[in-house]
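Novice:
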Amino acid sequence: MTSFLELENVAKKFGGLTAVRDVSFTLSKGEIVGLLGPNGSGKTTLLNMISGANKVTSGKISLNGVSIDSLRPDQIVNKGVSRTFQLVRILPSMTVEENVICGLAFRKMPVWGAKAAIIAREKLEIVGLKDKASLPGHSLNYIDSKRLELARALAADPELLLLDEWLSGLTPEELEAGIELIRSIETTGISILIVEHIMSAIRALCPRCVVMNSGEIIADGSTGTVLQDDAVSAAYLGGAPCCMLTISLCSMTYILL
Amino acid sequence: MNDKRHLLKKLARLAMTSAVALTFSGVVSTAVLASEKSVKIGYAVSKTGQNSAGAGITTAPNYVLWVEDINAAGGLQLPDGSRLPIEIIEYDDRSSSEEVVRAIERLATQDKVDFILPPWGTGFNLAIAPLMDRFGYPQLAVTAVTDKAPEFAERWKKSFWVLGGGGDYSESLADVLAEANKSGKINNKIAVISVADGFGIDLIKSARPAFKKHGFDVVYDKTYPLGTSDFNAMIAEAKASGADSFVAFSYPPGTFALTKQSQIASFNPKVLYLGVGVGFPVYPKIAEGKMEGVMSLGGVDVNSAAFTDYAKRHMEVTGNPPDYWASSVTYASLQMLQQAIERVGLNRDAVSKELSSGEFDTILGKVKLEDNQLRKLWWTGQWKNGNFVAVAPATREGAVSPVIPKPAWQE
Amino acid sequence: MITGAKVSVAIIAFGLLALLPFFLEAYGLGLMIGMLSYVALATAWSMFSGPTHYISLATVAFYGVGAYTVAVLNEGISFPVILLIAVLIGLVLSLAVGVATLRLAGVYFVIFSFGLAELVRQLITWYEVNVTGTLGRYIFLPLEPQDIYWLLLGAATLTLIIGWLVRRSRIGLALRVIGDDEVIAAHIGINLTRTKLLLFALSASLITLVGAIQAPRWVYIEPSIVFNPTVSFLTVIMALLGGPHRLFGPLFGVVPLFLLFEWLSANFPNHYSIILGALFIAIVFVLPNGVLEFLDRFRLRRAKT
Amino acid sequence: MTSLMIGLVLGGTYALAALGLTMQYGVARIMNLAYGEFVISAAFATFVLFSSINLNPLLAMFIVAPAAFSISYFVYAILMAPLVKRSKKKGNLENDSILITFGLLFLVQGILLVLFGADFASYNYLNIPVNVFGITIAANRLIAFGLAMILGLSLYCLVAYSQWGITLRAVATKPENARLVGINVDRVAQIAFAIGGMLAALAGVVISMFQTFTATSGVVFTMKALIVVIMGGVGNFMGALISGLILGLAEATVSTYVDPGLTLASTYLIFLVLLLWRPQGLFGKGVVK
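Residue numbers (our numbering), protein chains in the order written: chain A, 1 to 257; chain B, 1 to 411; chain C, 1 to 305; chain D, 1 to 289.
1) In terms of alpha-carbon separation, which member of D:254, D:233 and D:259 lies closest to residue 277 of chain D?
2) For residue 21 of chain A, which of helix, strand or coil comes out of DSSP?
3) Quick check: residue 237 of chain D and residue 28 of chain D, are their CB atoms within less than 7 angstroms of each other?
4) How many Å lie between residue 221 of chain C and residue 123 of chain B at the Cα?
5) Out of curiosity, what's the CA-to-CA distance linking residue 358 of chain B and residue 333 of chain B?
6) Report yes if the CB atom of residue 39 of chain B is closer than 7 angstroms to the CB atom of residue 65 of chain B, and no otherwise.
7) Can you check whether the CB of residue 121 of chain D is closer than 7 angstroms to the CB of residue 213 of chain D?
8) If you measure between the beta carbons of residue 239 of chain C and residue 45 of chain C, is that distance less than 7 angstroms?
9) Using a beta-carbon distance cut-off of less than 7 angstroms, what residues from the segment 23–48 of chain C approach chain B?
10) Could you tell me the alpha carbon to alpha carbon distance between residue 30 of chain B and residue 35 of chain D, rounded to whole angstroms?
11) Going along the chain, which residues of the segment 158–180 of chain C sit with their C-beta nearer than 8 angstroms to a C-beta in chain A?
12) At the level of alpha carbons, what is the spacing between residue 281 of chain B and residue 271 of chain D?
13) Please report how far the alpha carbon of residue 49 of chain D lies from the alpha carbon of residue 38 of chain D, in whole angstroms.
14) Got a sec? Which residues, its chain only, sit under 8 angstroms from residue 29 of chain C by beta carbon, not counting five neighbours each side?
15) Here's a check: name, in chain order, each residue in its chain whose Cβ is nearer than 7 angstroms to the Cβ of residue 168 of chain D, leaving out the five neighbours to either side.
16) If the criterion is Cβ atoms closer than 7 angstroms, does the pair residue 208 of chain C and residue 65 of chain C meet it?
17) Would you decide whether residue 301 of chain B is buried or exposed? Buried here means 16 or more other CB atoms lie within 10 Å of its CB.
18) What are the start and end residues of each continuous beta strand (DSSP E) run of 3 or more residues lying completely inside the segment 234–263 of chain B, in chain order?
19) The beta strand (DSSP E) that contains residue 380 of chain B, what's its start and end?
20) Would a check of beta-carbon distances place residue 115 of chain B closer than 7 angstroms to chain D?
21) What three-state label does DSSP hand residue 415 of chain B in the structure shown?
22) Would you tell me roughly how many angstroms separate the C-alpha atoms of residue 138 of chain B and residue 110 of chain B, rounded to the nearest one?
23) Can you give me the C-alpha to C-alpha distance between residue 228 of chain C and residue 60 of chain C, rounded to a whole angstrom?
24) Against chain D, with Cβ distances strictly below 7 angstroms, would residue 288 of chain B count as a contact?
25) Just the chain C side, please: which residues come within less than 9 angstroms of residue 19 of chain A by C-beta, in chain order?
26) Taking the alpha-carbon positions, what's the residue 100 of chain D to residue 275 of chain D distance?
27) How about the segment 124–131 of chain A and the segment 65–79 of chain A: do they share at least three Cβ pairs that are nearer than 8 angstroms?
28) Three or more C-beta pairs closer than 8 angstroms, one from the segment 219–239 of chain B and one from the segment 183–194 of chain B: is that the case here?
29) Between residue 52 of chain B and residue 110 of chain D, what straight-line distance do the alpha-carbon atoms span, to the nearest angstrom?
30) If you run the structure through DSSP and keep just helix, strand and coil, what is residue 288 of chain B?
31) Mind reading off the beta-carbon distance from residue 262 of chain D to residue 119 of chain C? Whole number of angstroms is fine, and I expect it under 8 angstroms.
32) Please report how far the alpha carbon of residue 94 of chain C lies from the alpha carbon of residue 84 of chain C, in whole angstroms.
33) Rounded to the nearest angstrom, what separates residue 42 of chain A and residue 215 of chain A at their Cα positions?
34) Residue 237 of chain B versus chain D: which residues are under 8 angstroms apart at the beta carbon?
35) Take the Cβ of residue 228 of chain A as the centre, count every other Cβ of all protein chains shown within 10 Å, and call the residue buried at 16 or more, exposed below.
36) Write down the C-beta distance between residue 45 of chain A and residue 54 of chain A rounded to the nearest angstrom, noting that I regard them as a contact closer than 8 angstroms.
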């Protein structure tokens, strides 16, 4: 099987600190994969390297057999990769619709003018924001912001979608709807890489998942198997309260970095 | 002390004027002085910005003094013997070319003043020259030193250039130095620095051939940017160059810094010639009274009663003494205007004609313009016994022979 | 959005302004010249600095280069050609500068741009003194004030039209995204450097043009005259006060401020600075963010309908 | 050797002039465009004290500095505090402070112009040669250099090692977080601004001893100070000290060995190159994109 996204021995150092070391994995066309691991394990850094926000220190990233590791984020978007952010990013001075139009206007095959407005409405309909199209971006609540971010990412017409904890922080009902939404996107043939903490969501969405710890991949396989792996439990799932503690500790180190 | 009282007076005046200004807004400037019959005279000078120091020393105080003198005498005299008071309209050009141009347009077409006095600075006088010409106003450009004066006087027939050109000053200096060299007082080496602006370049450009013509060897010749405040490196180089004469075509802040820094460095060339600022009243204080022998542009004939009287009145009216170079020339140019009006009336064309052909009795003595330029000027001066006296042209009456070598600073 | 009525209003306004020299006296014309030049400067400045929030103090660097080009070339070449050359020089200079500087952000860019203006001034001075041996240059071009007025009116109109086109174009949108969030901008496919560079160069070329048009008015030119940093400061203040995010925002800053400056220097030549300073402080307090906030509110209301 | 000494002494003056601004901009986050006017006001105050009651400028420092502290304290309370409050929502303190201090610049300059006119002010104090390693230097310039060193180093130590320094650094780097750990950020900023004003005044007193000044020469100091501050890294006293010295050395070297005409150009060139190489300044830690 030809791989769609391919990472070979990718590493990232920030000064003296190694955030990601020697990571290799592949993702096939149309596949949806979960990327797990405690905070600080290097997931977001990995996502940043795929999307071009961070440059790799060593190793190779290729998409459809073409190397993308030296490209700028905007060039990578034009290769068909788009993403959402861990901390939601909306263009506050623009309306909801304009936010999506921005996603359309700068992609590989840009859409502009009246046609863009129509497509923007379609994308907003997919995420359920059609009624709020003309509200200013900064007036949306948390879940709607997340939806808008997804709509904007979809507007770029991606082949690969990178979701960085897109489902976290939602109420159970919202989570349910969110999972449905991602599933519906997957059926359109877009490959998806999801960074997520919420196990139920990963189980529901991803047949396969990759687990990272301290910048390395410690497991890669079918979700059911991986989540029973001892190393994974030890690193990550060591009891719920403890897990919370780890997460908060890790978040702190992350912020300090 | 006088200084302090002056300050207090200014403070009180500030408080009062701002109060009045804020309550009555725009009407003040005209309403107070407006009368049925008056001669309207307008000018724009730099009250703020980079040119304000120069304008505030040489130009503005003389305008104030002149108006005060005339109004105290009952006004400007006309050919029929009647007198009209002067009404002044003044603007701040904020040291910007665009502003000065617009201010002149305003004075000519909006305020319709009878005469316009020139702004401060070579650049600004040139900027307004075409306008003055178009509107038919005579322009007595004082604080404009340019070698192109003959050309400009030709181009704009009503423009008058009364402070000479760079070449006049540098050639005069070269003559003074050549004389000293001939009598064995100084060697034939000169170190020279110049400020990188129109004035400094004008002077250095004409000085190089002039020095060469008299057989001088310019051993150090550098130009420094406007705004330089530290001259220690240049002084060290000049000192090491072996030249007996040190010439700096500098502007006041540079002149002052050079003075202080050469004192510290015990830099005692036999001839020390510095640029604008040596003739300023503040200079003796800067040199801590040790200015004896320092040379510069301009100079005055201290034995002239007209000048001493003028200096006294300048002190009384404006609170400061005049400078020893362009101040008295500025005042003299105003006297020329005044006498021209007295002879031919308020017709601007007639006044222009009179200015270019008539002879006038001023604080500089009797003067007559040649091709719209004042040539009877003092080109080189030197501090001697507490006065900045004229030393060249040496042939002119009132000239003092220069002290060379200059006494050392530490004495 | 853009209606026929608006276009005709704009054309009529332009026509009336173009006829103005036939009715105005020299002073009125001079006033309009000064005002138009700042309209063009502030609008051109806002074209780049408004959406990106990069406060540039390099205005006078380009303005001065424009004026200097005219001073150097004014003999023997026809004025329109000189203007074209000036714009090209401004373009090349701004591209070179932009490549180097646009990765700086915030106050670093502010100071850098100021330093740039001073550097250009110092280098030109040094070059003139040491290579050409002259410093002051004279411009004797047969241009009447009304010619300069019409040229400036053209430049201001051109700036507004370009500003309007940019706003409607993808580049305008890209700049707004950059101003809002550079990270998003990069991740939706905007080439940050190229976009900023393009607009910086466009804005700088227009500023150069304004400097070149105005130069013949001064007859005599030297670096300390044409590289007067006040021009940069005033441009920033006027644009910020009017609101650099809107096409006509700078206009609302320029007209009142320009008239205010004029009125102050005419009526209070000795207390100009004090009153100006006090007024300035008052404006910042009374009109928080200047006319800008008002315009933002206006836009919000329009967005709702 | 001569140019080295000349450069160091000159650089000391630059550093001295920049210390206050690094405090005001680095800690209080006020981009004070009227900074140079504070320097000049202090110079005029010293000038008046010296020429009217013949007060020794070194003693005048003890009057001028506290006065500058309290004036700056009130300026902050009246002009800046409302802006800081307002900007918490909008985050545009930088723009607002540029605008308002621009107004302040004109206001102060206007008052100085009315009080003292446009004339050059200058007096002489301690303009006596001192021999340092065989090179003569003016005593008043040595004082400037010494004061820059003492103030710069002690501020650096204070910020680096004292409790108060930690508070300052917290306010400077992360005002939001500093608030969370119970620091009264507004008050610290106000005091920092006032100290900055005091440092500006100290610079003004010393500089007035050897440099001619006018009511309008403040801008020059603001610009030099800004360059030094940015070069050294905002809020870093050691950085300000070192970059001041670098600029002084560069000017003296270029003036001696290259061409005096290029001294100012070299200043800006060094500044621009340094900014491109290290956008956060020589010693800045902030990450700039």
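Even for Gly, the Cβ is constructed at its ideal location relative to N, Cα and C.
Specialist: With the structure as the only source:
1) D:233
2) strand
3) no
4) 7 angstroms
5) 13 angstroms
6) no
7) yes
8) yes
9) 25, 26, 27, 30, 31 and 34
10) The predicted position of residue 30 of chain B is uncertain, since its pLDDT is 41 and thus under 50; no value can be drawn from it.
11) 170, 173, 174, 176, 177, 179 and 180
12) 39 angstroms
13) 16 angstroms
14) 20, 21, 145, 146 and 149
15) 27, 159, 188 and 192
16) yes
17) buried
18) 245–249
19) 380–384
20) no
21) Lying before the first or after the last residue shown, residue 415 of chain B is absent from chain B, which here runs from 1 to 411.
22) 18 angstroms
23) 7 angstroms
24) yes
25) Near residue 19 of chain A there are no residues of chain C at all, since even the closest Cβ is about 18 angstroms away, more than 9 angstroms.
26) 26 angstroms
27) no
28) yes
29) 12 angstroms
30) coil
31) Going by Cβ atoms, the distance from residue 262 of chain D to residue 119 of chain C rounds to 11 angstroms, so no, they are not a contact pair.
32) 15 angstroms
33) 5 angstroms
34) 256
35) exposed
36) 6 angstroms
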